[in-house]
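Take a look at the structure set out below.
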Amino acid sequence: MFGCCCTEKEEAFDSLAVDEKDSKLVKSAPALSKSATADSAAMDQKNCYMVTLPRGPDGKPDLGVEKSDADYLMIKKMTPGVAAWNELNPASHHIGVFDRIVEVNGQAGLGKDMGRALETPSTGDVTLVLQRPSTRVLTLKRPGKLGIIANYMPNYSLKPWIDTVAEGLVADWNKANPDSCIREHDRIMSVNGVSHPPEEVVLQMRKQDDTLEIVVMHYVP
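If you want the numbering used here, it's the position in the sequence shown, counting the first as 1, plus 119.
This is the structure in structure tokens:
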């Protein structure tokens, strides 16, 4: 059965400055405006890979897409179409949950625009460039502010994402650990072992525990 799953009902998102008591809305940074995968070297450097999927009878590829971060599309779940692709292709090109869609038929741009492209019925196969994230673990010691703002869409986001990295413990970690740094739009998987729901993950970062272990899905910029 085919049909793009990125047409789920839109909801308002919550944005939490984890060092403050009140929620606040902030503006996200823009996504890529041009292709970042012009050659194979760039593909490898950014952990990107290419897939080609057929369209179903409705003219759409069989994809389950999470688009709560308007700047970036992300694979939300395994669908029959994705499972069929994975069965026929090597592990290096297997589509996974949390993989980010960075191009649709050679075009890069804001996630919301690529989402509309996937939702528009057409003919022919769909070629996607996807980016595979890596797992990074931060161990932060209090006292001090974390200095991040995390966003999530209630009842829709798989995990919260980092909207802003300002002055604080996370920025200090990034400076001290450049090979393990995190950045805006990375996904926060868990905090001190708490991984669900997204709002509870964020609230864990507000607690004044002496040590915070934060597990993040990181995407190479």
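Glycine residues also receive a C-beta, built at the ideal position from the N, C-alpha and C atoms.
| Item | Value |
| --- | --- |
| Quick check: the region 281-293 against the region 261-272, are at least 3 beta-carbon pairs closer than 8 Å? | yes |
| Comparing alpha-carbon positions, which option in Tyr168, Asn224, Trp204 and His337 lies nearest Thr242? | Asn224 |
| Tell me the residue span of the alpha helix (DSSP H) that contains Asn293. | Leu288 to Ala295 |
| Compare the Cα-Cα distances from Phe217 to each of Asn208, Ser253, Asn205 and Leu259 and report the closest residue. | Ser253 |
| Curious, which full-length alpha helix (DSSP H) runs of at least 4 residues does the region 155-243 contain? | 159-164, 199-207 and 230-238 |
| Opposite Ser309 in the DSSP bridges: which residues? | Val334 |
| Pick out whichever of His337, Pro297, Ile333 and Asn166 has its Cα sitting closest to the Cα of Val320. | Ile333 |
| Taking 8 Å as the threshold, find out whether the region 303-311 comes into contact with the region 221-236 through three or more Cβ pairs. | no |
| What is the DSSP secondary structure of Arg255, reduced to helix, strand or coil? | strand |
| If you follow the beta strand (DSSP E) that Ala322 is part of, which residue opens it and which one closes it? | The sequence given here places Leu at residue 322; Ala does not occur at that position. Segment Pro317 to Arg325 is the alpha helix (DSSP H) holding Leu322; no beta strand (DSSP E) there. |
| Kindly identify the DSSP beta-bridge partner or partners of Ala285. | Ala285 is not bridged to any residue. |
| Figure out for me which residue from Gly215, Asp177, Lys196 and Arg174 has the closest Cα to the Cα of Cys167. | Gly215 |
| Along the chain, where does the beta strand (DSSP E) that runs through Leu249 open and close? | Val245 to Gln250 |
| Could you pull the start and end residues of the beta strand (DSSP E) that Ile268 belongs to? | Ile267 to Tyr271 |
| Counting Cβ pairs, one atom from each stretch, are 3 or more of them under 8 Å apart for the region 278-288 and the region 195-202? | no |
| Counting only the same chain and skipping the five closest in sequence on each side, list residues whose C-beta sits under 6 Å from that of Pro173. | Asp244 |
| For Val335 versus Arg255, is the C-beta distance shorter than 8 Å? | yes |
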